[in-house]
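Going by the numbering used here, the first residue of the sequence shown is number 20, and it counts up by one from there.
Even glycine gets a Cβ: it sits at the ideal position worked out from N, Cα and C.
Quick caveat, the model's predicted, so the values are computed rather than measured.
Step one of this worksheet: look at the structure below.
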Amino acid sequence: MCPINKKNMRWLFLGLGILFEVIALVFMKKSNGFTKLWPDIFVVFFYALALGCLILVLRRMDTSIAYAIWASVGTLIVAVVGIVWLKEPVTAIKIVSMILIVIGIFGLEYSDK
20 MCPINKKNMR WLFLGLGILF EVIALVFMKK SNGFTKLWPD IFVVFFYALA LGCLILVLRR
80 MDTSIAYAIW ASVGTLIVAV VGIVWLKEPV TAIKIVSMIL IVIGIFGLEY SDK
């Protein structure tokens with residue numbers, strides 16, 4: 020079992036922020052260009068939660084690392100959601116690009132160790 024400490028909390032909030040951003044993006048797709056009320060409301064709500072989490076993360080993590088992980092993991096999850104749930108086409112270049120994103124995330128995380 021992993022104890023709750025400041026280091027674990029930053030990762031928890033980073034993960035939640037990324038999740039909220041991905042949810043907001045899915046609702047953005049569903050809002051059809053901000054033409055549907057409820058998806059529009061959810062977009063604003065989940066982006067506010069996402070940014071709130073990022074603000075908490077930046078208290079305890081370098082901006083360069085936090086934002087790079089935020090952006091890359093978010094991009095990776097959105098790509099997977101697009102393929103699996105939104106039925107976007109899968110191509111070899113998408114798969115290779117997602118693998119490179121994962122490699123980059125590990126590189127960033129271990130760059131200052």
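Taking C-alpha positions only, residue 46 is separated from residue 129 by approximately 33 Å.
DSSP, reduced to helix, strand and coil, places residue 116 within a helical segment of the structure shown. Inter-segment contact for the segment 32-47 and the segment 67-75 is present: three or more beta-carbon pairs are separated by less than 8 Å.
Note on the segment 20-108: whole alpha helix (DSSP H) runs with a minimum of 4 residues are 25-49, 56-77, 82-103, in chain order. Burial of residue 36 is indicated by the presence of at least 16 other C-beta atoms within 10 angstroms of its C-beta. By the beta-carbon neighbour count (other beta carbons within 10 angstroms, threshold 16), residue 85 is buried.
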